[in-house]
Every structure is written in C-alpha cells, then in structure tokens.
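J.:
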Amino acid sequence: MNTNKSFLRNPVHTETRMKLGLPCNLYLGDQELQAVTFNISYSGFGVELPADGHTFDVKSLVSASIEDIGNFDVFVRWKRGHRMGLSFSSKRSAKPMLNAYFKRTNCYPV
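Using our numbering, read the sequence shown as starting at 884 and increasing by one per residue.
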C-alpha cells in the first residue's frame with residue numbers, strides 16, 4: 884500500500900467565497916481601523932489592511948462592520964502581510980444578514 888510521505892498538509896475544503904470590495908471598520912477594543920473586504924462566505928470574510936504599517940494585536944479584534952451588510956462579532960483566523968481572514972463568531976447570527984445582502988444584490992457565493 885502506498886502511503887503519502889508528503890510533509891505538506893492535505894488540502895482542506897473551504898466554503899465558496901464571493902469577491903467583495905466593500906469598506907469595513909475593525910473594532911479593536913478602544914481603537915477603530917478602516918479596511919477593505921476582498922471576499923466573503925458564510926463562514927467569514929477577508930480584509931485588506933491599509934499599507935501604512937499600522938500594527939495591532941490580532942487578539943484585540945472584537946468586531947467588524949461591513950458597509951451595506953452589517954456588524955459582526957469576529958475573530959482572526961489567519962494573517963499574512965496586509966491581509967487577514969476573519970471568521971464569524973456566530974455563523975447563526977451572521978447568516979440572516981448575509982442572506983439579506985446576497986438577495987438584495989442578487990449575487991451569491993457559488
């Protein structure tokens with residue numbers, strides 16, 4: 884029997900994402916940081932941070948507000964350079980807002 888001897892991890896299935904370019908605000912305790920979304924799914928969304936070199940502790944991120952969609956409690960799933968992947972803390976509470984936005988724009992993550 885052949886076994887996989889690769890040291891790379893196996894591919895992980897992720898939810899379908901939809902490209903998005905809406906402004907958003909990230910709330911970091913007592914600070915607010917503006918960013919731009921680059922994609923969204925029912926699990927979370929990606930943001931591009933300003934290139935001004937602003938640094939912060941990713942654990943301090945409490946919530947985010949996406950223009951025309953709503954406010955979400957989130958946590959950082961990953962960060963690479965000026966990009967971050969945010970996951971919804973509660974997919975159940977995020978889903979109605981996402982469904983309303985997708986219906987209004989007639990665009991869905993497929």
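Note that beta-carbon positions come from the ideal geometry of N, C-alpha and C, so glycine has one too.
Since this is a predicted model, take the numbers as computed values, not measurements.
Can you look up A947 in the DSSP assignment and give me helix, strand or coil?
T.: Here residue 947 is taken as the residue at index 64 of the sequence shown, counted from 1. The answer is strand: DSSP assigns A947 an E or B state.
J.: Considering F985, what are the terminal residues of the alpha helix (DSSP H) in which it resides?
T.: The sequence position of residue 985 within the sequence shown is 102, counting from 1. Element bounds for F985: 974-988.
J.: Express the C-alpha separation of Y984 and G953 in angstroms, rounding to a whole number.
T.: Here residue 953 corresponds to residue number 70 of the sequence shown, with the count starting at 1. Here residue 984 corresponds to residue number 101 of the sequence shown, with the count starting at 1. So the alpha carbons of these two residues sit roughly 9 Å apart.
J.: For L981 and K974, I'd like the C-alpha separation in whole angstroms.
T.: Residue mapping note: residue 981 aligns to position 98 of the sequence shown, counting from 1. Residue mapping note: residue 974 aligns to position 91 of the sequence shown, counting from 1. C-alpha separation (whole angstroms): 10 Å.
J.: By how many angstroms is the C-alpha of E915 removed from the C-alpha of V945?
T.: Within the sequence shown, residue 945 is the residue found at index 62, counting from 1. Within the sequence shown, residue 915 is the residue found at index 32, counting from 1. For V945 and E915, the distance between alpha carbons rounds to 10 Å.
J.: Could you tell me the distance, in whole angstroms, from the CA atom of T920 to the CA atom of R966?
T.: Working through the sequence shown from its first residue, we reach residue 920 at position 37. Working through the sequence shown from its first residue, we reach residue 966 at position 83. Approximately 9 Å between the Cα atoms of the pair.
J.: What do you get for G964, buried or exposed, if any count of 16 or more other CB atoms within 10 angstroms of its CB means buried?
T.: On the sequence shown, residue 964 is found 81 positions in, with the first residue counted as 1. Exposed, because fewer than 16 other Cβ atoms sit within 10 Å of the Cβ of G964.
J.: Evaluate G929 with the Cβ neighbour count: other Cβ atoms within 10 Å of its Cβ, from every protein chain shown; 16 or more gives buried, anything less gives exposed.
T.: Residue 929 sits at position 46 when you count from the first residue of the sequence shown. It is buried - the Cβ of G929 has at least 16 other Cβ atoms within 10 Å.
J.: By DSSP, does V959 sit in helix, in strand, or in coil?
T.: Position 76 of the sequence shown, counting from 1, holds the residue named residue 959. It is a strand residue.
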